[in-house]
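All remarks here apply to the structure that follows.
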Amino acid sequence: QKLAADTGLTGSALKAQGTAIGEIYKTSLGSMADVEHTMATVISAFGLSGKAADDLTAKELKYQEATGQASDAIDVMKEITDAYNLTADDQGTVMDLLVASHQKYGTSITEDQSALLKMGPALQAANMDLSDGVALLNLFETAGIDAAKAPMALQFAVKQLKPGQDLNDLIAQISSITDPTERAQAAMKAFGARGGVQMAQALQPGITSLDQFQTSTEDTIGATGRAAQAIEDGWGARFTLLMHQAGGTLA
205 QKLAADTGLT
215 GSALKAQGTA
225 IGEIYKTSLG
235 SMADVEHTMA
245 TVISAFGLSG
255 KAADDLTAKE
265 LKYQEATGQA
275 SDAIDVMKEI
285 TDAYNLTADD
295 QGTVMDLLVA
305 SHQKYGTSIT
315 EDQSALLKMG
325 PALQAANMDL
335 SDGVALLNLF
345 ETAGIDAAKA
355 PMALQFAVKQ
365 LKPGQDLNDL
375 IAQISSITDP
385 TERAQAAMKA
395 FGARGGVQMA
405 QALQPGITSL
415 DQFQTSTEDT
425 IGATGRAAQA
435 IEDGWGARFT
445 LLMHQAGGTL
455 A
C-alpha cells in the first residue's frame, strides 16, 4: 500500500515491483522499509521502472551499506544528481567516486555529499564538474580543512579567477611558489585567510592540478560494491542476510 501511495503504481506493475522489493531484501542488510523507500524514490524521483528500477535500487542499497547511511541517502543522491545535471545512469559513478575518495583520503562521505550540494553553482561557474568537486574535497582533506568550509573557500577562489582562468590555473600558480611564506600568502589571497595556510602546505611545488587528487580508475570503478561486500562478509552481516533470505525480519 505504501509503495502504491509513493509511486502511483497499480495492478501488475505494482505487483512486479513489490516482488522485486522482496527479492532485493534478501541480498540487502537494510530493513524491508529501507528497500521499499529506496525503490519508491528510484521510481518516483528517477522515473525508472522494471529491471532498471530494480538494478538502481540494489546499487543504492549497497551504497547505503558501504557508507553506513540510512535509506534517506538516496534522497541526497537525487539532489546531487539534479545539482550537477546528471541522470540515473550516473549514480553508480558518483557513488564509486565518493567511496573511493573516502578510502584513499579519509574524507567523510556524508560531509562530502553536503558540500557537493553547496558547491554545485560555483563549480559550474568555473566550468568544472562533480568529479572536480570530489577532487577539490580530497585536496581540502589533504590540507586538513573541514569539508564544510569547502563551499565558501571555493566561492572565494572563483571570484579571484581572471577571464579564461580555471581553478587548476590558480592551483598551479600557488604551487609554483617555492618560498613557504609567499606561497601561504598567495593561498590566503586565493582561498581566504582561514584556510590559506593549510592550503599552502597541501599545494607543494609539483602540484599542478586537481587531477592529482583524483582516485585512479582501477580504485574507483566498483568501489561501492567492494566496500559493501567487505561488510557483508562479516559474521553479523552474514547472519542478517541468512535471516532475510529465510524471510526473517532482522535489521
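Adding 204 to a residue's 1-based position in the sequence shown gives its number in the working numbering.
The beta-carbon is built from N, C-alpha and C at its ideal position, and this holds for glycine as well.
**Request:** Put G212 into one of helix, strand or coil per three-state DSSP.
**Result:** Reading the sequence shown from its first residue, position 8 is the one you call residue 212. DSSP, reduced to helix, strand and coil, places G212 outside both helices and strands of the structure shown, so it counts as coil.
**Message:** Quick check on G452: buried or exposed, where buried means 16 or more other Cβ atoms within 10 Å of its Cβ?
**Reply:** As a working note, residue 452 is residue 248 in the sequence shown. With a pLDDT of only 49 at G452, under the threshold of 50, the placement of this residue in the model should not be trusted; the figure read from the coordinates follows. Per the 10 Å Cβ criterion, exposed.
**Message:** On the DSSP letters alone, give me the boundaries of the alpha helix (DSSP H) that T419 sits inside.
**Reply:** The residue labelled residue 419 in the question sits at position 215 within the sequence shown. Where T419 is concerned, there is no enclosing alpha helix (DSSP H), given that its DSSP letter is neither H nor E.
**Request:** Take T424 and list the residues in its own chain whose beta-carbon comes closer than 7 angstroms to its own, dropping the five residues that flank it on each side.
**Result:** Against the sequence shown, residue 424 aligns to sequence position 220. Excluding sequence neighbours, T424 sits near D300, L301, A304.
**Prompt:** Considering only residues of the same chain and omitting the five flanking positions on each side of P355, which have a CB-CB separation below 8 angstroms?
**Reply:** Looking up residue 355 in the sequence shown gives position 151. A319, K322, M323, A326.
**Prompt:** With respect to the alpha helix (DSSP H) encompassing M332, which residues constitute its N-terminal and C-terminal limits?
**Reply:** Here residue 332 refers to the residue found at position 128 of the sequence shown. Note, M332: premise wrong, no alpha helix (DSSP H); not H, not E.
**Message:** Within 8 angstroms, do at least three Cβ pairs link the region 284 to 294 to the region 325 to 340?
**Reply:** yes
**Asked** Applying the criterion that 16 or more other CB atoms from any shown protein chain within 10 Å of the CB defines a buried residue, is D258 buried or exposed?
**Response** Locating residue 258 in the sequence shown gives position 54, counting from the first residue. Answer is buried; the Cβ neighbour count reaches 16.
**Prompt:** What's the call for S335, buried or exposed, on a 16-neighbour Cβ count within 10 Å?
**Reply:** What you label residue 335 is simply residue 131 of the sequence shown in a count that begins at 1. When all chains shown are included, S335 counts as buried.
**Message:** Once DSSP output is grouped into helix, strand and coil, what is the label at P355?
**Reply:** Within the sequence shown, numbered from 1, the residue matching residue 355 stands at position 151. Helix, per DSSP.
**Message:** Taking 7 angstroms as the threshold (beta carbon to beta carbon), is T428 in contact with chain C?
**Reply:** The question asks about chain C, but that chain is absent: this structure has only one protein chain.
**Message:** Please report the straight-line C-alpha distance between E315 and A352, rounded to a whole angstrom.
**Reply:** Here residue 315 is taken as the residue at index 111 of the sequence shown, counted from 1. Here residue 352 is taken as the residue at index 148 of the sequence shown, counted from 1. Rounded to the nearest angstrom, the two C-alpha atoms are 7 angstroms apart.
**Message:** Our contact map puts A343 next to L252 with C-beta atoms below 8 angstroms; I'd like the distance itself, whole angstroms only.
**Reply:** Counted from its first residue, the sequence shown places residue 343 at position 139. Counted from its first residue, the sequence shown places residue 252 at position 48. The sequence given here has Leu at residue 343, not Ala. Contact flag wrong, Cβ pair sits at about 34 angstroms.
**Asked** Where does the unbroken alpha helix (DSSP H) through D279 begin, and where does it stop?
**Response** Here residue 279 is taken as the residue at index 75 of the sequence shown, counted from 1. 277 to 287 is the span of the alpha helix (DSSP H), which, as asked, contains D279.
**Prompt:** According to DSSP, is T385 helix, strand or coil?
**Reply:** Counted from its first residue, the sequence shown places residue 385 at position 181. The answer is helix: DSSP assigns T385 an H, G or I state.
**Message:** When you compare the CB positions of L265 and T242, do they come within less than 7 angstroms of one another, or not?
**Reply:** Sequence index remark: in the sequence shown, residue 265 carries index 61 (1-based). Sequence index remark: in the sequence shown, residue 242 carries index 38 (1-based). For L265 and T242, yes; Cβs fall inside 7 angstroms.
**Asked** How far does the alpha helix (DSSP H) with K308 in it reach, from first residue to last?
**Response** By 1-based counting over the sequence shown, the position of residue 308 is 104. That run of the alpha helix (DSSP H) goes 295 to 309.
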